[in-house]
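Numbering (the working numbering), first residue to last: 27 to 80. Even for Gly, the Cβ is constructed at its ideal location relative to N, Cα and C. Keep in mind it's a predicted model, so treat the numbers as computed, not measured. Structure record follows, encoded as structure tokens.
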């Protein structure tokens with residue numbers, strides 16, 4: 027576990043690497059992938075909450 031400060035630093039480093047290494051189309055693809063991953067994560071969380079015994 028790297029903790030919040032390490033996670034933020036890692037995210038900033040990866041974001042900078044993506045921005046430097048790709049043009050605008052590459053940035054749009056990466057942004058779309060992040061949004062899609064977030065949506066999928068929310069759907070999985072909803073399914074997991076619905077399976078929780080009451």
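Pairwise C-alpha distance: residue j and residue i
i: residue 72; j: residue 44; result: 31 Å
i: residue 40; j: residue 75; result: 31 Å
i: residue 77; j: residue 70; result: 11 Å
i: residue 50; j: residue 42; result: 13 Å
i: residue 56; j: residue 46; result: 13 Å
i: residue 52; j: residue 60; result: 12 Å
i: residue 35; j: residue 79; result: 38 Å
i: residue 54; j: residue 48; result: 10 Å
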